[in-house]
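Going from the sequence shown to our numbering is simple: count from 1 and add 201.
All C-beta atoms, glycine included, are put in the ideal place defined by N, C-alpha and C.
Here the structure is a predicted model, which is why all the values come from computation and not from measurement.
Here the structure comes first, spelled out in structure tokens, and everything after it is commentary.
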Amino acid sequence: MNGGLIMKEVTNSDPFTIVGTEQYNMVSKMNREYRIFVSKPSEKPPASGYPVIYLLDGNSIFGTVVEAIRIQSKRPEKTGIVPAIVVGIGYPTEAPFSPHRFYDYTMAQTDQEMPFKPDGKPWPKQGGASEFLSFIEEELKPKIHQTLKVDSNKQTIFGHSLGGLFVLYTLFTSPRSFQSYIAGSPSLHWNERNILAKERSFMARLEREAIHAKLLIGIGELEKEHKSNIGELAKKMSERLSFYKNRGLNVKFIQFEDECHTSVLPPLINKSLRFSLHSQVDQ
202 MNGGLIMKEV TNSDPFTIVG TEQYNMVSKM NREYRIFVSK PSEKPPASGY
252 PVIYLLDGNS IFGTVVEAIR IQSKRPEKTG IVPAIVVGIG YPTEAPFSPH
302 RFYDYTMAQT DQEMPFKPDG KPWPKQGGAS EFLSFIEEEL KPKIHQTLKV
352 DSNKQTIFGH SLGGLFVLYT LFTSPRSFQS YIAGSPSLHW NERNILAKER
402 SFMARLEREA IHAKLLIGIG ELEKEHKSNI GELAKKMSER LSFYKNRGLN
452 VKFIQFEDEC HTSVLPPLIN KSLRFSLHSQ VDQ
């Protein structure tokens with residue numbers, strides 16, 4: 202007895218699933234295996250198709266993003282968020298992160314060797330960013346477009362930490378692949394010399410031609426205490442890139458109060474949805 206109520210024992214249970222989602226494994230032309238998570242809105246697609254958000258580290262944040270959109274898109278006139286397809290790019294593991302991300306999200310270390318990990322072991326293999334971007338553009342996107350009605354003019358890529366580094370790599374090397382780029386706590390220190398070289402090439406391109414793209418860089422306030430100086434590096438990059446607004450690049454930098462490198466994810470996701478799914482940049 203508990204407060205006069207009889208508690209009945211649960212005899213069986215079913216796995217919990219998020220409505221409107223599916224997952225499948227996909228092997229790339231380079232023989233790398235990914236787990237793809239897809240969420241399709243229940244609402245009828247607009248004539249132009251649904252917006253789409255591609256998430257890196259899909260194992261860790263797919264559910265959070267899907268539920269945030271599902272709740273907030275019910276009242277788009279209030280929230281500014283419309284229904285959208287969510288595509289999480291993850292790995293065949295039940296863990297939130299896979300060591301394979303070190304290869305997919307990074308450029309080759311050409312100028313220096315990374316220090317050993319705290320446990321004394323070397324880091325996983327790195328340098329596959331170009332291959333990974335080709336997989337997204339040439340294999341994954343066509344599959345998504347074949348099965349779902351996508352608005353090709355409203356595509357977003359979201360990445361955090363090493364994923365944020367890859368988002369910036371994508372913007373600098375393929376700025377027309379997406380219209381919105383979300384780089385959360387980008388690990389610029391990881392490939393600093395290489396990513397800065399890509400940034401300079403991108404700036405030179407902007408001098409020659411205008412593009413239409415939005416970039417949100419978000420960090421946690423507490424990241425200023427990180428030994429990598431990750432917060433300051435991200436802030437300075439956003440300041441440099443903000444100079445090119447007249448060339449079609451709309452840059453926003455946000456520092457989230459009292460958040461660290463990992464806790465910044467939920468508030469960053471909410472801000473990212475308003476940034477990418479609203480017809481106007483949320484100022």
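Could you pull the start and end residues of the beta strand (DSSP E) that residue i belongs to?
i: T307; result: No beta strand (DSSP E) contains T307, which DSSP labels as neither H nor E.
i: P252; result: 251-257
i: A384; result: 381-385
Indicate whether at least one CB of chain B lies closer than 8 Å to the CB of residue i.
i: S335; result: In the structure shown, chain B does not exist; there is a single protein chain.
Check residue i in the structure and name its three-state DSSP category.
i: E223; result: strand
i: I358; result: strand
i: S402; result: helix
i: Y235; result: strand
i: K241; result: coil
i: N451; result: strand
i: A414; result: strand
i: V465; result: coil
i: G432; result: helix
i: G289; result: strand
i: V351; result: strand
i: R276; result: coil
i: L389; result: coil
i: F263; result: helix
i: P300; result: coil
i: P343; result: helix
i: N395; result: helix
i: F217; result: coil
i: I270; result: helix
i: Q327; result: coil
i: F476; result: helix
i: S439; result: helix
i: R377; result: coil
Which partner residues of residue i appear in the DSSP bridge assignment?
i: Q456; result: I420
i: V228; result: E234
For residue i, does the count of other Cβ atoms within 10 angstroms reach 16, so buried, or fall short, so exposed?
i: N447; result: exposed
i: R236; result: buried
i: I262; result: buried
i: F379; result: buried
i: D312; result: In this predicted model, D312 has a pLDDT of only 49, less than 50, meaning its place in the structure is not dependable; the value taken from the coordinates is given anyway. Classification for D312: exposed.
i: S402; result: exposed
i: M438; result: buried
i: T148; result: Limits of the chain in this structure are 202 at one end and 484 at the other, which puts residue 148 out of reach.
Need the endpoints of the alpha helix (DSSP H) that residue i sits in, please.
i: F373; result: 363-374
i: F336; result: 330-336
- Query: Are the stretch 264-271 and the stretch 297-308 touching, with three or more C-beta to C-beta distances below 8 Å?
  - Reply: no
- Decide if the stretch 323-332 is in contact with the stretch 340-355; the criterion is three or more beta carbon pairs, one per stretch, under 8 Å apart. no
- Evaluate contact between the stretch 427-446 and the stretch 238-257, counting only Cβ atoms and requiring at least three cross-stretch pairs below 8 Å. no
- Does the pairing of the stretch 218-236 with the stretch 420-428 give three or more beta-carbon distances under 8 Å? no
- Could you tell me whether the stretch 274-292 touches the stretch 368-379, using the rule of 3 or more Cβ pairs below 8 Å? no
- Stretch pair the stretch 376-396 + the stretch 404-420: three plus CB contacts closer than 8 Å: yes
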